[in-house]
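Below is one structure; the comments refer to it alone.
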Amino acid sequence: MGFVDDEGCVTLATSLEQVDALLDDRGIALRAADALAIVDSAGLAELTARHPELVEQFGERGVAYVLEALTNPPEPVCPGPADPETREDIGALDVTSVTDRMGYYGPLFHQEVTQRQSPELVAIETTLAVEQEAEGTIARGIAVNDSFSYIDSAAVVMTVADMTVKAAIAVPLIAPGEPVPFEVMVPRPGVTLGDIEIGFEVEPAAESEKDGRRFDIDPLAVLPAGERQAYPYTLEWDEPDEAPYPAVWYGVVTNRSDLALRSPSVTLAWFDSNGAVIEVVGQLSLTNQRKVVDTIDPGGRAHYVLVDDAPPEGVIGAQFAIWGWNR
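The following block contains the structure:
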C-alpha cells in the first residue's frame, strides 16, 4: 500500500492511520507494492474493526494472510525523469522501479518524452528477446509512446530478410510515456535479434478517448508452483488440497471512471534481471468468483487470476507489469 506524492514518488503505508486514508480514498486498495503487508503490529482485530469491508471482500483468513509487520520498510520508489542527454538510449530506466498509475502497474514508464506531437512508438532495446520454438521464433519486447499524444491502437511490424510479420498490440489507448508489450511469432527458426528490423503502425486517439483506462490495479499475490503453503482465500481459482500447487498471479482491478467499462481485460508481461521480456499474456479476462466479468460499473471491482501448473522458466519471482484496459 503506498502514497503517491506530487512528484510521483511512492511511499509505503506503515500505520493504520495511513491505511485509513488510503481506504477512505480508494476503497479496498490492497496495493502491496513491494510486500504483502498492509499494517504494522496493530494486528488483524483492530484492522477489521475499522474496516469490516475487508473481511467481506477477502474473508478473515484472506486478510490475516496479508498481515505482516513492516519492520524494515523499503526506500520510497521514485524513478525520476530520464536524462535528456541520454534520450537516444530509451532503455535507460531501471526495470526494478515500479510506476503505479491509472491503467498500469510496472516498470519502464517514461517521465519525459521526446518533443513529438505525432504519436510514435519506439522499441526499448534492453527489453528485446527471442525464443526458439518448433514452428519458428517468438520475438518479444516493450515499446514506449515517445510523444505527447495518446495512441488509440498500434501494431508491431517485424521484417526478417524477405519476410514481414505484423501483430496487433493488445493494449489500447497508450498514454504519453507509457510502455506496452509486444510479441510476434516469426515462422522461421533460428532468427536472432540482429536479423530483425522492428517498426510500428499507430492510430492516434480522439480527444474524447483520452480519459479512458481509468483502472486501479492492485497486485495481491504471486504464488510459486510446487511445494508451498496453500493460499487461504480461493474463491477465484481451484487450490488443490495438497502439493503440488499451481503458480498463481492474483489481484484486484477497480473501475475509477464514471462509466461502466465493458469487456475489461488485463495484459501481463514479465522481465528478467536485465529487463528483457521473457513472457507476455496478451489478454486475460477478469472474474468474480470464477465467472467472467462482462462489465465493471463505476466503483466496481473484479479480479485478475492467472493460474499455471507449469509456468515458463524464470517468471516466478520476476518483475512483472500489468495493463488494465477495455474495448
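So the sequence shown is numbered by the working numbering: it starts at -17 and just counts up by one. For glycine and all other residues, C-beta sits at the position ideal for the given N, C-alpha and C.
The region 160 to 176 in contact with the region 102 to 116 per 3-pair CB rule at 8 angstroms: Note that the region 160 to 176 touches the region 102 to 116; at least 3 beta-carbon pairs, one per stretch, sit closer than 8 angstroms.
Note the first and the last residue of the continuous beta strand (DSSP E) segment covering residue 92. Here residue 92 belongs to no beta strand (DSSP E), and DSSP marks it neither H nor E.
State buried or exposed for residue 249, treating a residue as buried only when at least 16 other CB atoms are found within 10 Å of its CB. With 16 or more Cβ atoms within 10 Å of its Cβ, residue 249 is classed as buried.
Nearest to residue 123 (by Cα), restricted to the options 77, 94 and 130: Closest by C-alpha distance to residue 123, out of 77, 94 and 130, is 77.
Classification of residue 288 by the beta-carbon crowding that lies within 10 angstroms, buried from 16 upward: Within 10 angstroms of the beta-carbon of residue 288 lie 16 or more other beta-carbons, which makes it buried.
Start and end residues, beta strand (DSSP E) containing residue 283: In the DSSP assignment, residue 283 falls within the beta strand (DSSP E) that extends over 283 to 290.
Terminal residues of the beta strand (DSSP E) in which residue 253 lies: Element bounds for residue 253: 246 to 253.
According to DSSP, residue 83 sits in a beta bridge with which residue or residues? Paired residues: 86.
Below 8 angstroms on the Cβ atoms is my contact criterion, and I expect residue 147 with residue 166 to pass it. Report the Cβ-Cβ distance as a whole number of Å. Yes, residue 147 and residue 166 are in contact; Cβ-Cβ is about 6 angstroms, under 8 angstroms.
Cα-Cα, which of 263, 283 and 279 is closest to residue 271? Looking only at 263, 283 and 279, the smallest Cα-Cα distance to residue 271 is reached by 283.
Give the range of the beta strand (DSSP E) segment to which residue 205 is assigned. Residues 197 to 205.
Less than 6 angstroms between C-beta atoms, sequence neighbours within five positions excluded: which residues of the same chain meet that for residue 150? Within the same chain, residue 150 has close Cβ partners 137.
Collapsed DSSP secondary structure at residue 216 in the structure displayed: Residue 216: coil per DSSP, three-state reduction.
Looking at residue 300 and residue 254, is the spacing between their C-beta atoms short of 8 angstroms? Yes; because the gap between Cβ atoms is below 8 angstroms, this pair is in contact.
Given this structure, state the Cα-to-Cα distance separating residue 264 from residue 152, to the nearest angstrom. Whole-angstrom Cα-Cα distance: 6 angstroms.
For residue 203, collect the residues of the same chain with a Cβ closer than 7 angstroms to its Cβ; drop the 5 residues on either side in sequence, then sort them by chain order. Cβ neighbours of residue 203 beyond the five flanking positions: 18, 213, 230 and 232.
Ordered along the chain, which non-local residues of its own chain (more than five positions away) have a Cβ less than 7 angstroms from that of residue 293? If you ignore the 5 residues before and after residue 293, its C-beta comes within less than 7 angstroms of the C-beta of 207 and 229, all in its own chain and listed in chain order.
Residue burial classification, residue 129 (beta-carbon count within 10 angstroms, cutoff 16): Label assigned to residue 129: buried.
Does the beta-carbon of residue 145 have 16 or more other beta-carbons within 10 angstroms, so that it is buried, or is it exposed? With fewer than 16 Cβ atoms within 10 Å of its Cβ, residue 145 is classed as exposed.
Closest Cα partner of residue 87 within the set 290, 252, 258 and 298: Of the listed residues, the one whose Cα sits closest to residue 87 is 252.
Going by C-alpha to C-alpha distance, which of 290, 273, 278 and 112 sits closest to residue 140? Out of 290, 273, 278 and 112, the CA that lies nearest to the CA of residue 140 is found in 112.
Between residue 155 and residue 132, is the Cβ-Cβ spacing less than 8 angstroms? Yes.
Take residue 262 as the anchor and find which of 286, 297 and 99 has the nearest alpha-carbon. Per the Cα distances, 297.
In angstroms, rounded to a whole number, what distance separates the CA positions of residue 326 and residue 176? The first residue shown for the chain is -17 and the last is 309, placing residue 326 beyond what the model contains.
Coil, strand or helix - residue 174 by DSSP: Reduced to three states, the DSSP call for residue 174 is coil.
Determine the DSSP secondary structure at residue 236, reduced to helix, strand or coil. Residue state, collapsed to three classes: strand.
Per-residue DSSP class, three states only, for residue 183: Note: residue 183 maps to strand in three-state DSSP.
For residue 264, the first and last residue of its enclosing beta strand (DSSP E): Here the beta strand (DSSP E) through residue 264 covers 259 to 267.
Count the other CB atoms, across all protein chains shown, that sit within 10 Å of the CB of residue 100; report buried if there are 16 or more and exposed otherwise. Exposure of residue 100 is indicated by the presence of fewer than 16 other C-beta atoms within 10 angstroms of its C-beta.
Report buried or exposed for residue 274, applying the criterion of at least 16 other Cβ atoms within 10 angstroms of its Cβ. Residue 274 is exposed by the Cβ-count criterion.
Separation of residue 182 from residue 237, as counted between CA atoms: Just so you know, the alpha carbons of residue 237 and residue 182 end up roughly 30 angstroms apart.
Can you give me the Cβ contacts of residue 171 inside the same chain, cut-off strictly under 7 angstroms, excluding the 5 residues immediately before and after it? Correct list, in chain order: 114, 118 and 119.
Could you check the C-alpha separation between residue 291 and residue 210 for me, to the nearest Å? The alpha-carbon atoms of residue 291 and residue 210 are separated by roughly 13 angstroms.
Neighbour-count burial assignment, residue 185, 16 or more Cβ in a 10 Å radius: Exposed, by the Cβ-count rule.
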